[in-house]
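Protein sequence lines, in the order shown, are assigned to chains A and B.
Per my numbering, the first sequence starts with residue 90, numbered consecutively.
Per my numbering, the second sequence starts with residue 90, numbered consecutively.
The C-beta atom is built at its ideal place from N, Cα and C for all residues, glycine as well.
What follows is a single structure, written as structure tokens, with notes after it.
Number of protein chains: 2
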Amino acid sequence: MDRYLSGPQLARLVAIDPGARPYYRALAEAVRSLVLDGLLPVRVRLPAERHLAEALGVSRTTVTAAYDRLRERGYLESRQGAGSWTALPDAGSLGAENPWIAAADDGLLPLHSAAPLAASTLPAAIAFAGEHYPRHMLGPGYDPAGIAPLRQAIADRYTTRGLATRPEQILVTAGAQHAIHLLTTMLLPAGAPILLESPTYPHAIDAARLRDARIVSVGVPDDGWHLDLLTSAMRQSAARLAYVVPDFQNPTGHLMDDATRAGLVGAARKYDTTLIVDESWSELAIDEVPRVAPPAAFDTDGRVICVGSASKLWWGGLRIGWIRAGAALVRRLAVLRAAVDIASSLFEQLVVTRLFEDIEETRAERRRTLGASRAALVAGLAEHMPDWSFTVPRGGGSLWVRLPGPSGTALADAAACHGVRLAPGTWFGVDGTLEGRVRLPFTQPPQVLTEAVSRIAEARVRGPYGTRPAPPLTPAL
Amino acid sequence: MDRYLSGPQLARLVAIDPGARPYYRALAEAVRSLVLDGLLPVRVRLPAERHLAEALGVSRTTVTAAYDRLRERGYLESRQGAGSWTALPDAGSLGAENPWIAAADDGLLPLHSAAPLAASTLPAAIAFAGEHYPRHMLGPGYDPAGIAPLRQAIADRYTTRGLATRPEQILVTAGAQHAIHLLTTMLLPAGAPILLESPTYPHAIDAARLRDARIVSVGVPDDGWHLDLLTSAMRQSAARLAYVVPDFQNPTGHLMDDATRAGLVGAARKYDTTLIVDESWSELAIDEVPRVAPPAAFDTDGRVICVGSASKLWWGGLRIGWIRAGAALVRRLAVLRAAVDIASSLFEQLVVTRLFEDIEETRAERRRTLGASRAALVAGLAEHMPDWSFTVPRGGGSLWVRLPGPSGTALADAAACHGVRLAPGTWFGVDGTLEGRVRLPFTQPPQVLTEAVSRIAEARVRGPYGTRPAPPLTPAL
């Protein structure tokens, strides 16, 4: 530990508004921001608590509380006798500030999550399940592959979309993430390479990390996938597994064209890679889009596995998703499932079976509501954040915003102080990159998004806890 | 490959009733039984198909079909040019004959599963959830740790049982197996030792195998746990994790006494082992039993983790279980969960919240129904299988039956041909032992059990496909 700061040095750097309350949190936030902004390097020893307390003119208890908070969140490490020094939370660690376990009722607008509200057909489907489940109550209730009517409904939907599918090819899961977890558990040897898009769905990164995978990123540029990048990443990494989101990619919203789909599957065949194709957003076009084939339609030797979900089309509170694969693999996955969680909720399987009957009605509803929300978000950003840039996607649920600087984490932090939970770009990458991005979902109603944008604008000006004034966004008129 | 059999030799051994249909299945069954009974050792080369066909006087196609079936089920291996030799299915492999993925509607009585039918309070609870879930539809529906009212209800129940518990100590899961999977994923390093009872819950073995664990068994003798066996297994194995079922152990039905509980937790402390205590059956006493404390009541340093489930008390089709642990561990588990399946079904969480309100009513119902079923099973066995022995447990859901010989697998096989799916003892052990046992659940209604016992009795006499006559069970009068 060569580098250190004295109490007065750190006190000068943090520059806290003395009126900030609670003071210890403002102090912790200030130190954290210094670390994240690179103004306070990692592994610099901080002053002893009593020295910083003196320099700031506060009680030692206050500094102790601030240091505790920093330690808890991974920005400070301490050892008896050696003092405390700055740190970065381990990206793979299960940190205390993970937003996924935040209380849902803390009053923050949940813009960290791209989860639409429940579709209007849900109550009728729940009533249907309430009527029909009693005959299923006569059995033990366990069906690891899923109940027959739901497997049939899912298979029929694939067939309608142009991909002939038998019910034996369908495994019902407890959501798309559960499907990804089962597939990586079965198909990804511990420590093996997996190809992920950058940016990608954060929980897919989690699933890969659970396997101690070597994550190989392939960038998805602003104009969408480049087939040569995908192909050379496959060739160079020798990854046997790749995870892609070709339909309204999360978070970018890109839609992969047919030529790239065909090329991707061809490359997978050439380099012996199995593709996990996450189609969670497939049914959620907003604008007229060219008709594209499911990537599995280009599959000739069983290397394309599809993952789907009820979460985005109907509701995330329904924990139902599915896998489409060869019937033999589906059987093996069903057996694996017995070791993971036995089976899916029988009641919810009945609900989703019913929901499939009115799928076109729900798609039309989503086109209307997501379209209106997208318009409100775009309008709010145009008004308040003219220096943010993005491409408006033709479907899906989010804008992938480029900020004027590498400030995504600081922005999310400030926004949380102003009542909005945000997803900074770093969540969608594997190596702390994407700091200059933020994902803004348009899955909430327009009025929520309008309010959220105005709060975010305030957060930009006032900073966390109102302690760091920023220059005005536009010249004063 | 030194050993081989000629066509006529094998034809003499198999001794098939020529009227058996389909013949190829009878032939495959006969070979499989020879292997399982040790009459045909593993890695013995079988005659070429045409030689066996000649010796049996059947078509070569028939023998080909039988060999295919044996290969499919893991009892035969073949290599081009080297022929085919006998084998045993890999115990850890995901075999094609796994009963967990059998179709629920194949007409077999499901005695492989110890899952009670749905409790009578379920319809009212579903109606309650139907009324109250709409206000939850306003959110994204994701709550990885579980909704607050359910965490409170579960915590309150522990407190009532004598174990003061805060909601922050509860993680709602998608059933007990999901809880076990999360815990082994987080707490069991790949390849590390884990202590399991023998016999134990089969899916706990599955969960350990998913971690490539070194499974250390500790026997549960006919008179229950021996504390010195548990203690020395902990000391000798250096296992950091142990999984025990102290309440109406599955499958033996034993109830651990307080002294053993205290000693077990003390040993865990001494040898630095974390205990996963599966209390899935805790609420299901049938007879008056001595009041025992939850093992966690003896815990002084946070090394006892409780797992519970709605499956046995209410219904397995509800995929809701829980973990009780320290609040910090619960937070880490909730974050891990985001990588596994995000969250539990919101609707079912409301259902179970409501079910807790009438828990004593349900317990009384289960005492009556499980008691009646247990009586019917015991009576049926006394009548038809006087040479089977067992201790009648004072609660839980199954008899752990000792057969007159090592014939559990053969019995299960024969029973399947006569319309009953059974759980042979080997499912509950880790190394192919327990062949002289079978678990008979009394979770089905009395009339189902009476019919099942009579079919099993017939299966004993007639064997699989009616091809192997057995001696009468009792002297003819």
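Beta-bridge pairing of residue i - partner residues as DSSP gives them
i: residue 291 of chain B; result: Answer is none; residue 291 of chain B lacks a bridge partner.
i: residue 174 of chain A; result: A:134 and A:166
i: residue 395 of chain B; result: B:366 and B:413
i: residue 282 of chain A; result: A:303
i: residue 490 of chain B; result: B:527
i: residue 330 of chain A; result: A:283 and A:363
i: residue 484 of chain A; result: A:374
i: residue 93 of chain A; result: A:134
Closest by C-alpha distance to residue i, when choosing among the options
i: residue 401 of chain A; options: A:526, A:504, A:369 and A:390; result: A:369
i: residue 410 of chain B; options: B:279, B:201 and B:244; result: B:244
i: residue 318 of chain B; options: B:284, B:253, B:537 and B:377; result: B:284
i: residue 176 of chain A; options: A:134, A:216 and A:312; result: A:134
i: residue 522 of chain B; options: B:217, B:221, B:461 and B:495; result: B:495
i: residue 568 of chain B; options: B:514, B:489, B:488 and B:487; result: In the structure as shown, chain B starts at 90 and stops at 566, and residue 568 of chain B therefore has no counterpart that could be examined.
i: residue 459 of chain B; options: B:490, B:407, B:533 and B:497; result: B:533
i: residue 474 of chain A; options: A:406, A:539 and A:422; result: A:539
i: residue 525 of chain B; options: B:371, B:505, B:545 and B:477; result: B:477
i: residue 321 of chain A; options: A:360, A:219 and A:295; result: A:360
i: residue 159 of chain A; options: A:272, A:100, A:275 and A:122; result: A:122
i: residue 211 of chain B; options: A:225, A:138 and A:418; result: A:225
i: residue 347 of chain B; options: B:328, B:379 and B:331; result: B:379
i: residue 44 of chain B; options: B:273, B:471 and B:399; result: Residue coverage of chain B in this structure runs from 90 to 566, which leaves residue 44 of chain B outside it and unanswerable.
i: residue 341 of chain A; options: A:312, A:157, A:171 and A:300; result: A:312
i: residue 279 of chain A; options: A:520, A:268, A:270 and A:302; result: A:302
i: residue 383 of chain A; options: A:390, A:367, A:398 and A:199; result: A:367
i: residue 531 of chain A; options: A:375, A:545, A:470 and A:466; result: A:466
Residue i at chain B interface by Cβ criterion, 9 Å
i: residue 295 of chain A; result: yes
i: residue 164 of chain A; result: no
i: residue 51 of chain A; result: It is not possible to answer for residue 51 of chain A, since the shown part of chain A is limited to 90 through 566.
i: residue 53 of chain A; result: The requested residue 53 of chain A is not part of the displayed model; chain A covers only 90 to 566.
i: residue 373 of chain A; result: no
i: residue 99 of chain A; result: no
i: residue 185 of chain A; result: Summary for residue 185 of chain A: the model assigns pLDDT 35, below 50, so the residue's position carries little reliability; its value from the coordinates is reported in the next sentence. Yes, its Cβ sits closer than 9 Å to a Cβ of chain B.
i: residue 482 of chain A; result: no
Below-9 Å beta-carbon distance, residue i vs any chain A residue
i: residue 404 of chain B; result: yes
i: residue 263 of chain B; result: yes
i: residue 202 of chain B; result: yes
i: residue 380 of chain B; result: no
i: residue 298 of chain B; result: yes
i: residue 106 of chain B; result: no
i: residue 369 of chain B; result: no
i: residue 400 of chain B; result: yes
i: residue 199 of chain B; result: yes
i: residue 193 of chain B; result: For residue 193 of chain B, the predicted structure reports a pLDDT of 49, less than 50, and the residue's modelled location is therefore unreliable. The matter cannot be settled from this model.
Host beta strand (DSSP E) of residue i (start-end)
i: residue 199 of chain A; result: 198 to 200
i: residue 259 of chain A; result: 259 to 262
i: residue 530 of chain A; result: 526 to 530
i: residue 510 of chain A; result: 509 to 513
Chain-ordered chain D contacts of residue i [CB-CB under 8 Å]
i: residue 292 of chain B; result: Absence of chain D from the displayed structure is noted, the protein chains being A and B.
Limits of the unbroken alpha helix (DSSP H) element including residue i
i: residue 438 of chain B; result: 435 to 446
i: residue 277 of chain B; result: Here residue 277 of chain B belongs to no alpha helix (DSSP H), and DSSP marks it neither H nor E.
i: residue 543 of chain B; result: 535 to 551
i: residue 224 of chain B; result: Premise fails: residue 224 of chain B is in no alpha helix (DSSP H) and is neither H nor E.
i: residue 241 of chain A; result: 237 to 249
i: residue 380 of chain A; result: Segment: none, residue 380 of chain A is in no alpha helix (DSSP H) and carries neither H nor E.
i: residue 152 of chain B; result: 149 to 161
Residue i Cβ short of 8 Å to the ligand SAH heavy atom set
i: residue 201 of chain A; result: The ligand SAH is not part of this structure, which contains no ligands at all.
Contacting positions in the segment 211 to 236 of chain A - beta carbon closer than 9 Å to chain B: Result list: 211, 212, 215, 216, 218, 219, 222, 223, 225, 226, 227, 228, 229, 230, 231, 232, 233, 234 and 236.
Between the segment 429 to 442 of chain A and chain B, which residues of the former have CB atoms less than 7 Å from a CB of the latter, in chain order? Sequence-ordered contacts of the segment 429 to 442 of chain A with chain B read 429, 430, 431, 432, 433, 434, 435, 436 and 437 [C-beta pairs closer than 7 Å].
Short of 8 Å Cβ to Cβ, which residues in the segment 266 to 281 of chain A face chain B? For chain B, the residues of the segment 266 to 281 of chain A that bring a beta carbon within less than 8 Å of one of its beta carbons are 266, 267, 270, 274 and 279, in chain order.
For the segment 405 to 417 of chain B, which residues have a CB atom closer than 8 Å to at least one CB atom of chain A, in sequence order? When CB distances to chain A are screened at a threshold of 8 Å, the residues of the segment 405 to 417 of chain B falling below it are 405, 406, 407 and 408, in chain order.
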